[in-house]
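Engineer: The sequence shown begins at 0 in numbering that gives the first Met the number 0 and counts up one residue at a time.
Every residue, glycine too, gets a C-beta built ideally from N, C-alpha and C.
Below are the structure tokens for one structure; questions will follow.
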Amino acid sequence: MPEIIHLLPDNIANQIAAGEVIQRPASVVKELVENAVDAGAQKIELHVKDAGKTLIQVIDDGKGMSEMDARMSFERHATSKITSAKDLFQLTTKGFRGEALASIAAIAHVEMDTVEKDAKIGTKIQIEGSKLKSQEPSTRLRGTSISVKNLFFNVPARRNFLKSDNIETKHITEEFERIALTHPEVAFVFSHNNNIIYNLESANLRKRIVDLYGKGFNTKLVPIEEETDLVKIYGFIVKPEFSRKTRGEQFLFVNHRFFKDNYLHHAISSAYENLISNKEYPSYFIFFEVTPDTIDVNIHPTKTEIKFQHEKSIYPILRSTVRSALGKYNISPSLDFEHEPQFDLSQEVLKQPVRQPEIKVNTNYNPFKDTSTSSQEKPLSPSLKPNKQEWEDFYKITEEAKVEQPTEIEFEEKQDNNSLKIQVHKKFLLTQVKSGLLLVHIPRANERILYETLMEQYMRHPISSQQLLFPYEYQLQATQKLEWENNKTIIQRLGFEWEWNGNMLVLGSIPSILEVENTAQCIDNILNKITFTEIDKGEIVHELIVSLAAATSKNSNKILSQEEMSYLIETLFQYEQHQYSPSGKRIINTITLDELNNFLSL
Ligand code: ADP
Ligand code: MG
């Protein structure tokens, strides 16, 4: 019987291996840029076309390769970085597996042009699908240039599996930023479709962060530093008042490698406890140095998890390092989110922080459980009455809204609309209905009303906008800018007008309904929607209007008059969807007479 087992030809073996190392254009970017860093480059250029589907080119001024090494570099397990297993425990380079170039060459058209330092003649090699197409001398003066074209040309399944250009570009940008942060001493250029996205000069870490994420960061950063036998920790954390609703800049590096670690992330967020709300994310750029043999480096190239031997001991060190840095920089130890200043309608309060304190929603809230605070409420005090005109304006546009026929049960509830309404903690409205008590969550009700109004407007014509006296500036990340521009027509229809200053969004107009002090919140909401979720195209308008309505109804926790409360309820009940806010939270509920009786018979 003939043997049936045989060795796979190299090109097939490489193609299979490539599937693991190179999953998307961003993996190629990571491998090539890391190779350039390993080659000691001082300046690295990354040029990408069509999200890397057409071209990924990395040019460096590093040490280059000899003719022989240039050929060898495409062999599987060919590396100059380790020679024996014990080197694995002393790694100072990014690469060591010798797989990347072989993998890339197996599934793309690759051209390498390289010259060894001080050599007169360089080498140019073309490889397609692991096959050498040409090799010739080159006149290159220094370093290496590698171009990768037609990625996955011979793996159609993989090529078809790639996501939209935006998403692939986002992945590329992410990889790029991680390496740029790890090596601030190296200068970088990154262009996409001939547009320069980043042009970063050699710098220290603080400057690199600022160059990547905007000038504003300079004042937001708090340095951290700690050194123990186990670990050296350094880097920056971002002051709590600049936390975002979006999981933005959270970076951990160990021995100059980016990694993700939920456990250590928890140590950091717990140090921010009471300083930010639980819906916000602290930003940080934290570097760990440990002796190389205490982490498992033999990780998969595309994975970002790293095993720490002393993770349990590092946790408390990290937490207290962050905590004491926050303390040292005189950051108030506790912001009390429960505390609502009595009259925070004042302009001062509204102007203060870019980020408004979150309304803490207690879903188990029962207005009958706690009587001790009710005496503090003075909803009827004349001095607290809001400006009537203001409220009329606030609601004026709702008159344009389409009126939905209320269903029967709701109608029954509405009939008692003349009865007294009580505002509880400014947030809830309590009134008698036929079946018992009606409880309304006021901010959510406002959000629903605003949403319906805005949607109605949007459908008919662009939402009216107000021109700003002073342009409002907001720093975006490169990927966020891309997403913003991608949704340009919708965002314009919402009433925004803008220009760019680099990655700085310069808003000339904002929707009339939006207050300037809520603009940051609104942009955050929008960015959150367009950059972090893959929204169905049909849903995007809905999502963005939810974002706008949520930011606009932010300050709606004012003291309301009886008429205003009646108006609120009436308007709300016009809409079919009056039970839930556009973001899916319950607005109203009734407590029946039976429930009230039961409650008191306990
Ligand atoms: P690894 O980085 O794991 O060693 P790679 O397949 O990425 O494996 O690269 C193989 C080898 O090719 C490297 O070890 C290095 O010697 C050489 N090499 C790759 N890219 C460059 C570059 N830009 N400059 C100089 N040498 C390079
Ligand atoms: Mg490598």
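I want to check one thing, is the minimum distance from the CB of M64 to the heavy atoms of ligand 1 below 6 Å?
Structural biologist: Residue mapping note: residue 64 aligns to position 65 of the sequence shown, counting from 1. The answer is yes for M64.
Engineer: Given 6 Å as the limit, tell me if G326 has its C-beta closer than that to any heavy atom belonging to ligand 2.
Structural biologist: Taking the first residue of the sequence shown as position 1, residue 326 is located at position 327. Checking every heavy atom of ligand 2 against the Cβ of G326, none is found closer than 6 Å.
Engineer: Report all residues from its chain with a CB closer than 8 Å to the CB of Q431; omit the five preceding and five following residues, and keep chain order.
Structural biologist: Your numbering for residue 431 matches position 432 in the sequence shown. Closer than 8 Å at Cβ, skipping near neighbours: D415, S418, L419, L437.
Engineer: For K426 and S26, I'd like the C-alpha separation in whole angstroms.
Structural biologist: Along the sequence shown, one-based indexing puts residue 426 at 427. Along the sequence shown, one-based indexing puts residue 26 at 27. Roughly 49 Å separates the two Cα atoms.
Engineer: Quick check on the burial criterion: 16 or more other C-beta atoms within 10 angstroms. Buried or exposed for W497?
Structural biologist: Along the sequence shown, read from residue 1 onward, the residue named residue 497 stands at position 498. That one is buried.
Engineer: Excluding five sequence neighbours on each side, which residues of the same chain lie with their C-beta closer than 6 Å to the C-beta of T172?
Structural biologist: The count along the sequence shown starts at 1 and reaches residue 172 at position 173. Only A477, T478 meet the Cβ criterion.
Engineer: One question on the structure: do G94 and E33 come within less than 7 Å of each other, judged by their Cβ atoms?
Structural biologist: Position 95 of the sequence shown, counting from 1, holds the residue named residue 94. Position 34 of the sequence shown, counting from 1, holds the residue named residue 33. Their beta carbons are under 7 Å apart, which means G94 touches E33 by this criterion.
Engineer: Taking a contact to mean a Cβ-Cβ separation below 7 Å, would you say E174 touches A186 in this structure?
Structural biologist: Counting from one through the sequence shown, the residue named residue 174 turns up at place 175. Counting from one through the sequence shown, the residue named residue 186 turns up at place 187. No, the Cβ-Cβ distance between E174 and A186 is not below 7 Å.
Engineer: Sort N486, A105, E569 by Cα distance to I529 and report the nearest one.
Structural biologist: For the purposes of this step, residue 529 is identified with residue 530 of the sequence shown, where counting begins at 1. When only C-alpha atoms are compared, the closest one is N486.
Engineer: How many angstroms separate the CA atom of R177 from the CA atom of F257?
Structural biologist: On the sequence shown, residue 177 is found 178 positions in, with the first residue counted as 1. On the sequence shown, residue 257 is found 258 positions in, with the first residue counted as 1. So the two alpha carbons sit approximately 6 Å from each other.
Engineer: What is the chain-ordered set of residues for which the beta carbon lies under 5 Å from any non-hydrogen atom of ligand 2?
Structural biologist: N34, G94, A99
Engineer: Taking only runs of the alpha helix (DSSP H) that begin and end inside the segment 12-79, which ones reach a length of at least 4 residues, in chain order?
Structural biologist: 24-37, 66-71
Engineer: Output the boundary residues of the beta strand (DSSP E) element that contains G326.
Structural biologist: One-based indexing of the sequence shown puts residue 326 at position 327. First-last for G326: 310-327, but that is the alpha helix (DSSP H), not the beta strand (DSSP E).
Engineer: For the segment 214-294, which segments carrying the beta strand (DSSP E) assignment without a break, of at least 3 residues, lie completely within its bounds, in sequence order?
Structural biologist: 220-226, 231-237, 249-253, 256-258, 283-288
Engineer: For the alpha helix (DSSP H) holding P155, just list the boundary residues, first then last.
Structural biologist: Stepping through the sequence shown from its first residue, residue 155 is reached at position 156. Counting along the chain, P155 sits inside the alpha helix (DSSP H) bounded by residues 155-160.
Engineer: Report the CB separation of T168 from L526 in whole angstroms; it is logged as a contact under 8 Å.
Structural biologist: Here residue 168 is taken as the residue at index 169 of the sequence shown, counted from 1. Here residue 526 is taken as the residue at index 527 of the sequence shown, counted from 1. Actually they are not in contact, since the Cβ atoms of T168 and L526 sit about 16 Å apart, beyond 8 Å.
Engineer: State the CB to CB distance for the pair K80 and D37, rounded to an integer number of angstroms; the pair is presumed to be in contact (CB under 8 Å).
Structural biologist: The sequence position of residue 80 within the sequence shown is 81, counting from 1. The sequence position of residue 37 within the sequence shown is 38, counting from 1. Indeed, because the Cβ distance is near 7 Å, the residues count as touching under 8 Å.
Engineer: Who are the near neighbours of A266 in its chain, counting only those whose CB is closer than 6 Å to its CB and skipping five residues on each side?
Structural biologist: Residue mapping note: residue 266 aligns to position 267 of the sequence shown, counting from 1. Hits under 6 Å: Y314, L317, R318.
Engineer: Using 7 Å as the threshold, is the C-beta distance between N445 and S276 below it?
Structural biologist: As a working note, residue 445 is residue 446 in the sequence shown. As a working note, residue 276 is residue 277 in the sequence shown. Not a contact, by the Cβ cut-off of 7 Å.
Engineer: With distances taken from CA atoms, which of P291, E184, H255, E240 is nearest L605?
Structural biologist: Missing from the structure shown is residue 605; the chain here goes from 0 to 601 and no further.
Engineer: Taking DSSP as the reference, what is the three-state secondary structure of A550?
Structural biologist: Here residue 550 corresponds to residue number 551 of the sequence shown, with the count starting at 1. The answer is helix: DSSP assigns A550 an H, G or I state.
Engineer: Based on Cα-Cα distance, which residue from S190, K584, T91 lies nearest to N254?
Structural biologist: Counted from its first residue, the sequence shown places residue 254 at position 255. The option with the nearest alpha carbon to N254 is T91.
Engineer: With distances taken Cα to Cα, identify the nearest neighbour of S508 among T488, P470, N517.
Structural biologist: Stepping through the sequence shown from its first residue, residue 508 is reached at position 509. Nearest C-alpha to S508: P470.
Engineer: How would you call A69, buried or exposed, if buried means at least 16 neighbouring beta carbons within 10 angstroms?
Structural biologist: Start at 1 with the first residue of the sequence shown, and residue 69 comes out as number 70. So A69 counts as buried.
Engineer: Measuring CA to CA, which of N502, L468, I285, T122 is closest to K480?
Structural biologist: In the sequence shown, the residue the question calls residue 480 occupies position 481. The shortest C-alpha separation from K480 is found at N502.
Engineer: Say yes only if the C-beta of G97 is nearer than 6 Å to one or more non-hydrogen atoms of ligand 1, and no if none qualify.
Structural biologist: Start at 1 with the first residue of the sequence shown, and residue 97 comes out as number 98. It does: the Cβ of G97 is within 6 Å (strictly closer) of some heavy atom of ligand 1.
Engineer: Please indicate yes or no: does the CB of D59 lie closer than 6 Å to some heavy atom of ligand 1?
Structural biologist: What you label residue 59 is simply residue 60 of the sequence shown in a count that begins at 1. Within the cutoff, so yes.
Engineer: Say whether the segment 132-148 touches the segment 218-225, bearing in mind that this needs 3 or more beta-carbon pairs closer than 8 Å, one atom from each stretch.
Structural biologist: no
Engineer: Taking the beta strand (DSSP E) that H440 falls in, what are its first and last residues?
Structural biologist: Against the sequence shown, residue 440 aligns to sequence position 441. 435-440 is the extent of the beta strand (DSSP E) around H440.
Engineer: Taking only runs of the alpha helix (DSSP H) that begin and end inside the segment 114-195, which ones reach a length of at least 4 residues, in chain order?
Structural biologist: Fully enclosed alpha helix (DSSP H) runs of 4 or longer: 155-160, 164-181.
Engineer: Residues in its own chain within less than 7 Å of N203 by CB, not counting five upstream and five downstream?
Structural biologist: For the purposes of this step, residue 203 is taken as residue 204 along the sequence shown, with counting starting at 1. Cβ-Cβ distances below 7 Å link N203 to P183 in the same chain, with the five nearest sequence neighbours on each side left out; the list follows chain order.
Engineer: Near Y364, which residues of its chain fall below 7 Å by C-beta distance, leaving aside the five closest residues on each side in sequence?
Structural biologist: As a first step, residue 364 must be located in the sequence shown, where it is residue number 365. Residue confidence for Y364 is low, a pLDDT of 32 falling below 50, so the modelled location carries little weight; the figure read from the coordinates is stated next. So the list is empty, once near-sequence residues are dropped.
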